[in-house]
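I have placed the structure first, in the form of structure tokens, so that the comments after it can refer back to it.
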Amino acid sequence: MSQRPSTQSDDNLLTPEEGGALTSWGEQLISGQKTYYNQPVIKKAHWKWEIVLYFFLGGLAGGSYLAASLADLLGSPRRDAPLVRAGRYLSFACIIISPILLIKDLGRPERFLHMLRVLKFRSPMSLGTWGLSLFGMFCGLTAAHQMAKDGFLNWLPVFPRLFKALPVKIIESIGSFFGLFVASYTGVLLASTAVPVWARARHILGPLFLTSGLSSGFASLSLILSLGRRNEEPLERLERAELVAMSTELGLISALPAVLGPLANPLFKGKIGALFKNGTIGGGLLLPLVMRLGWRLTRKRTPRTLNISASLLVLIGGLILRYVWIAAGRVSAHDPRATHYYNAVEWKEKM
């Protein structure tokens, strides 16, 4: 059989030095030789900007809902009212847009409804669809309660009294659980596929997307409160929570090279790597951390402009994080040597 040259660029492929010699068989699989068989083993994800934005808004909705719920359950009704109001409205807006993006990506609206016909506990996509729907219900109830309190529903005859009488604290307690689920399940969804870089990072992706969603949610509320009338105590608590979430996110990212090995190349090398290092790690995490920590160590009150700038950087970094992981997944799926390397590593660990 005649040999057929590969059309792939060597920039995206694993070299023998990067892959290492697991076994003679594993070494052959990642040797870099161009043969007829050097074709993609799996199909790459077709996901476009809709899914990137869907992942981002899902995390933002979960983070902002959790912040508003904790402020309402544990904080002062008068002092934390702006934070609670902003979190309820923001999470509801994000969760309304999310299924629209998902349906647009599916192409046909009935496909989304088909996933609600059955609940499969072993299917991340099925659990995610149900989790998103249930979280949307809790977001809608808390937003309706807030709208009734703010007088936006006074033109309706019965609903204002009905929504005001809702057991909102119970709703928030249960809804926060689903908010955490929605913020993290997208990472678990990626890890449940056969894409090497996603599958190998299965223990990191869920917590990483969760912490990124929390930091994005906290940053968005901090931005909203900074643009309005300042209330220092809620802002300070948001900043502290944001610092914890960003620090945890950085810790998880720092573990990726050790966990992924050469499979981390799409994340840290080339154009995608430059975007990840500069947009997420540098601009979206390290710079806001330095800005907030540096000012807190020298001053008591964070200036409005610094708070707005830091919050915007965190939000941009969170959006880039989702894009980079999907883009790196495409590269990893297109590289047959990445697939063979992943299989060889998994096989070796099970022996």
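Heads up: the sequence shown is residues 277 to 627, going by my numbering. Here a beta-carbon is modelled for each residue, glycine too, at the ideal position from N, C-alpha and C.
### Query
Are G493 and L336 touching if we call contact CB-CB under 8 Å?
yes
### Query
Any idea what DSSP makes of K324, helix, strand or coil?
coil
### Task
Compare the C-beta of L378 with all C-beta atoms of chain C and state if any pair is closer than 8 Å.
This model lacks chain C altogether, as it is built from one protein chain only.
### Query
Where does I450 land, buried or exposed, given buried means 16+ other C-beta within 10 angstroms?
exposed
### Message
I'd like to know whether the C-beta atoms of F439 and H421 end up nearer to each other than 8 Å.
### Response
yes
### Message
Out of A424, M627 and N430, which one is the CA nearest neighbour of A441?
### Response
A424
### Query
To the nearest angstrom, how far is it from the Cα of G549 to the Cα of V600?
8 Å
### Query
In its own chain, which residues sit with a C-beta less than 8 Å from the C-beta of V394, not counting the 5 before and 5 after it?
S402
### Message
Please classify T581 as buried or exposed, where buried requires at least 16 neighbouring CB atoms within 10 angstroms.
### Response
exposed
### Nonlocal neighbours in the same chain, by C-beta distance under 6 Å from T299, ignoring five residues either side
Residue confidence for T299 is low, a pLDDT of 38 falling below 50, so the modelled location carries little weight; the figure read from the coordinates is stated next. Here the set comprises nothing.
### Query
With 16 as the cutoff for other CB atoms within 10 Å, does M391 come out buried or exposed?
buried
### Task
Measure from the alpha carbon of F414 to the alpha carbon of each residue in R364, F428 and I376, then state which is nearest.
R364
### Query
Considering only residues of the segment 314 to 383, which uninterrupted alpha helix (DSSP H) runs meet the minimum length of 4 residues and lie entirely inside it, listed in chain order?
325 to 350 and 357 to 382
### Query
Taking buried to mean at least 16 other C-beta atoms within 10 Å of its own C-beta, is V328 buried or exposed?
buried
### Message
Considering only the alpha carbon of each residue, which of G504, S608, F332 and S496 lies closest to A517?
### Response
S496
### Message
Applying the 10 Å Cβ sphere with the 16-neighbour rule, what's the burial state of M522?
### Response
buried
### As assigned by DSSP and simplified to three states, the class of A459
helix
### Task
Between the Cα of K320 and those of P612, K626, K624 and W623, spot the shortest distance and give me the residue it belongs to.
P612
#### Entry: Under 8 Å between C-beta atoms of I447 and T418
yes
### Task
Determine the burial state of P385: buried for a count of at least 16 other Cβ atoms within 10 Å of its Cβ, exposed for fewer.
exposed
### Task
Give the secondary structure of L465 by DSSP, where H, G and I count as helix, E and B as strand, and everything else as coil.
helix
### Query
In whole angstroms, what separates the C-alpha of T578 from that of R568?
8 Å
### Message
Using C-beta distances below 7 Å, list every residue in its chain close to L589, excluding the 5 sequence neighbours before and after it, in chain order.
### Response
G559, G560, L563 and P564
### Nearest candidate by alpha-carbon position, reference I373, set P400, L359, G334 and P358
G334
### Message
For L484, tell me which candidate among L597, K547, S585 and L366 has the shortest Cα-Cα distance.
### Response
L597
### Query
Who are the near neighbours of A481 in its chain, counting only those whose CB is closer than 8 Å to its CB and skipping five residues on each side?
Correcting the residue type first, residue 481 is Leu in the shown sequence and not Ala. Within the same chain, L481 has close Cβ partners G463, V464, L466, A467, W474 and W601.
### Query
Among C370, L350, A344 and P353, which has the Cα closest to the Cα of A362?
A344
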